[in-house]
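In terms of mature numbering (1 follows the signal peptide of the UniProt record, and there is no 0), the sequence shown is residues -16 to -1, 1 to 429. Report on one structure; see the data block that follows.
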Amino acid sequence: MVMALILLMAIAILLAFYCNLDLRKFSECYIKPLLLNKDQLNKFANDSEASITTETDYYHAREIRPKGVFDIPGPKPLPLLGTKWIFLLFFRKYKMSKLHEVYADLNRKYGDIVLEVMPSGLPIVHLFNRADLEKVLKYPSKYPFRPPTEIVVTYRRSRPERYASVGIVNEQGPTWQKLRSSLTSFITSPRILQNFLPALNLVCDDFIDLLKAHRDPHTFEVTNFEDIANLMGLEAVCTLMLGRRMGFLSTNTEQPEKIKQLAAAVKQLFISQRDSYYGFGMWKYFPTQTYRKFAHAEETIYDVISEMVDQALEENNANFMHHDDDVRSVFQHILDLKDLDIRDKKSAIIDFIAAGIETLANTLLFVLSSVTGNEEVIGKILQEFQDHRHTIILQDAFTNATYTKACIQESYRIRPTAFCLARILEEDMQLSGYDLKAGLYFVKT
Ligand code: HEM
């Protein structure tokens, strides 16, 4: 009986891998619904080398085959593992938790363009050269084709009662444009952001109080700075999006259970997304621990946010900040949108919150670690804000703080917060001398 079960499982795994290995099938099931132009699909489905035009080398009287995607240097792909084996073999050197070091090493070893192959056989091209990055990221496109996070798409499609679409971050084409144009105008509006500054000052004051409460009284060291910075990111983004203070940074009162759950779920969401992408992808065939943890995190976030949205819809103004209408209006504006499904409104608020937390916190960590080692730099930054020691910092102060802005920009250049920006090519391109076809994954690192 046990043997039969093991045999059945082995057959299931082999079948799953077989289906997964078939790129044509993959493109049919996955890429096809995403690509708008059918020609692009045909290009992807054809053999990678076949349709690229060849030139003739008359001197040697032979055909020169242009270099295609599988000519790009990189770790050797193995059947069923792709290039993931590097994490198994060099597990001490290459760690999932330090992916930036992995890619820096691959860049050193293989150069400006590196090929990674997924266990499914899908190629992922890593670009390290500025000209290539600009060519891909600045491609004039009506609907930039950003590869979606598969686990989010799979989960959200399995819950149509909750999600009308897979959300602004993962949607493509006209649906993405509709969500984008109706949802982002509020968070990018200078007026709304300026009016948000007083509330943000209060968030920062609470952040500093919390740091003081956690620091060692003798050494002034804060051992869990990253966790506290993440709480600050969560509080700031929720204040912006939901128009109310959540109490994530509270020093004296115990946080409500719901808020604790929300903070833990947001953290888990990122961990599960990372594991689903960089792992072996077994969650696609079985509800693995990665998938279950992801689903649980999404559910928790959805339930907490959904309750707030429903409460706001019912009571309209209860519990929301009254002194600053513009802060509240991001949330209220989204709820007031006429031609958007309420499910899209809820999932948009969830997506905004998730997109904002770690980006804010990590930017702060990177900027601080770039400047705190140099007293002269710290002195210049403090000088730009010295008139505001006892007053709140508003737009004027930021406009004049040119040195601080330059420090932030330089920090972004050296330690980009949002790395691995991914695009799927919409037309054939030549990058670093390789002819690459539309429909492939590109990842900037
Ligand atoms: C300092 C902090 C932040 C950084 C460095 C950052 C960086 C980025 C980058 C580089 C992208 C583009 C990704 C791509 O082109 O593939 C992006 C997209 C996005 N960001 Fe941020 N972000 C930050 C804060 C926020 C905040 C606070 C929010 C929400 C309130 C937010 C919401 C979003 C959303 C919804 C998208 C997806 C837009 C789309 O696909 O159309 N971000 N972010």
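Idealized CB from N, CA, C, for every residue including glycine.
Among the options, nearest to residue i - alpha-carbon criterion
i: SER125; options: ASP211, GLU410, ALA115 and ALA422; result: GLU410
i: SER353; options: ALA390, SER395, THR272 and VAL221; result: SER395
i: GLY227; options: ILE333, ASP190, GLU155 and GLN414; result: ILE333
i: VAL109; options: SER142, ALA148, ILE255 and THR67; result: THR67
i: ILE341; options: LEU64, ASP211, ASP189 and ASN113; result: ASP211
i: ASN236; options: LEU194, SER256 and ASP259; result: LEU194
i: TYR139; options: SER331, TRP69 and ASP200; result: SER331
i: PRO61; options: ALA88, TYR87, LEU106 and GLU85; result: LEU106
i: ASP325; options: SER104, GLU85 and PRO144; result: PRO144
i: LYS277; options: GLN257, MET230 and TYR262; result: GLN257
i: PRO103; options: ARG199, LYS268 and VAL427; result: LYS268
i: CYS404; options: ARG130, LYS162, VAL206 and ALA281; result: ARG130
i: ASN346; options: THR401, ASP323, ASP371 and PRO128; result: THR401
i: PHE426; options: ASP116, HIS202, GLN393 and TYR94; result: ASP116
i: residue 430; options: ASP320, TYR275, PRO174 and GLN273; result: Any property of residue 430 remains undetermined from this structure, which presents the chain solely from -16 to 429.
i: residue 445; options: PRO50, LEU65 and GLY58; result: Residue 445 cannot be examined here, being either before or after the span of the chain that is shown, -16 to 429.
i: ARG114; options: ASP259, SER234 and SER416; result: SER416
i: GLN245; options: GLU283, PRO63, THR383 and PHE264; result: GLU283
i: ALA339; options: VAL250, ALA281, ILE376 and GLN316; result: VAL250
i: GLN273; options: MET292, VAL288, GLN252 and SER290; result: GLN252
i: LEU344; options: ILE392, GLY363, HIS372 and LYS322; result: ILE392
Residue range of the beta strand (DSSP E) that includes residue i
i: TYR418; result: 418 to 420
i: PHE152; result: Note that residue 152 is Ile in the sequence shown here, rather than Phe. That residue, ILE152, is in no beta strand (DSSP E); it is neither H nor E in DSSP.
i: HIS110; result: 107 to 111
i: LEU226; result: Looking at the DSSP string, LEU226 is not in any beta strand (DSSP E); the run it does join, the alpha helix (DSSP H), is 209 to 226.
i: ALA402; result: Segment: none, ALA402 is in no beta strand (DSSP E) and carries neither H nor E.
i: ILE408; result: 406 to 408
i: GLN370; result: Run containing GLN370: none; DSSP gives neither H nor E here.
i: ILE97; result: 97 to 101
i: LEU72; result: From DSSP, LEU72 is part of no beta strand (DSSP E) but of the alpha helix (DSSP H) over 69 to 73.
i: LEU415; result: 413 to 415
Start-to-end residues for the alpha helix (DSSP H) that takes in residue i
i: GLN257; result: 241 to 262
i: VAL86; result: 83 to 94
i: PRO182; result: 174 to 198
i: SER234; result: Per DSSP, SER234 belongs to no alpha helix (DSSP H) and is neither H nor E.
i: ARG114; result: 114 to 121
i: LYS329; result: 326 to 355
i: VAL136; result: 134 to 141
i: ASP323; result: That residue, ASP323, is in no alpha helix (DSSP H); it is neither H nor E in DSSP.
i: LYS389; result: 386 to 398
Cβ-heavy atom distance, residue i to ligand 1, below 8 angstroms
i: GLY340; result: yes
i: PHE129; result: no
i: TYR147; result: no
i: PHE336; result: yes
i: GLU80; result: At residue 80 the sequence reads Met, which differs from the Glu that was named. No, ligand 1 has no heavy atom inside 8 angstroms of this Cβ.
i: ALA213; result: no
i: THR343; result: yes
i: ARG141; result: no
i: residue 430; result: The chain is shown from -16 up to 429; residue 430 falls before or after that span and cannot be answered.
i: THR347; result: yes
i: LEU117; result: no
i: VAL187; result: no
i: TYR396; result: yes
i: TRP69; result: no
i: THR223; result: no
i: TRP267; result: no
i: VAL153; result: yes
i: ILE171; result: yes
i: SER407; result: The amino acid occupying residue 407 in the given sequence is Arg; Ser does not appear at that position. Indeed, a heavy atom of ligand 1 lies less than 8 angstroms from the Cβ.
Whole-Å CB distance - residue i paired with residue j, under 8 angstroms assumed
i: TYR418; j: VAL53; result: 7 angstroms
i: ALA197; j: LEU348; result: Not confirmed; about 18 angstroms, so no contact.
i: ARG141; j: TYR286; result: Incorrect: roughly 15 angstroms between the Cβ atoms, too far for contact.
i: GLN379; j: GLN178; result: 5 angstroms
i: LEU224; j: VAL314; result: 6 angstroms
i: PHE204; j: ILE318; result: With a Cβ gap of about 42 angstroms, PHE204 and ILE318 do not count as contacting.
i: THR388; j: ILE365; result: 5 angstroms
i: VAL153; j: ASP335; result: 5 angstroms
i: MET216; j: PHE191; result: 4 angstroms
i: LEU424; j: ILE408; result: 7 angstroms
i: residue 437; j: PHE112; result: For residue 437 there is no data in the structure shown, the boundaries of the chain being -16 and 429.
i: ALA381; j: HIS374; result: Incorrect: roughly 13 angstroms between the Cβ atoms, too far for contact.
Residue-level contact to chain B via CB, residue i, 9 angstroms cutoff
i: PHE71; result: Note that chain B does not occur in the displayed structure, where there is just one protein chain.
Exercise. Three or more C-beta pairs closer than 8 angstroms, one from the stretch 159 to 172 and one from the stretch 344 to 360: is that the case here?
Worked result: Short answer: they don't touch.
Problem set entry | Touching by the beta-carbon criterion (3+ pairs, under 8 angstroms), the stretch 219 to 238 and the stretch 178 to 198 | Here the stretch 219 to 238 lies against the stretch 178 to 198, with 3 or more beta-carbon pairs under 8 angstroms apart.
Exercise. Is the stretch 132 to 139 touching the stretch 117 to 124 in the sense that three or more CB pairs, one from each, lie closer than 8 angstroms?
Worked result: Three or more beta-carbon pairs separated by less than 8 angstroms are not found between the stretch 117 to 124 and the stretch 132 to 139, which leaves the two stretches without contact.
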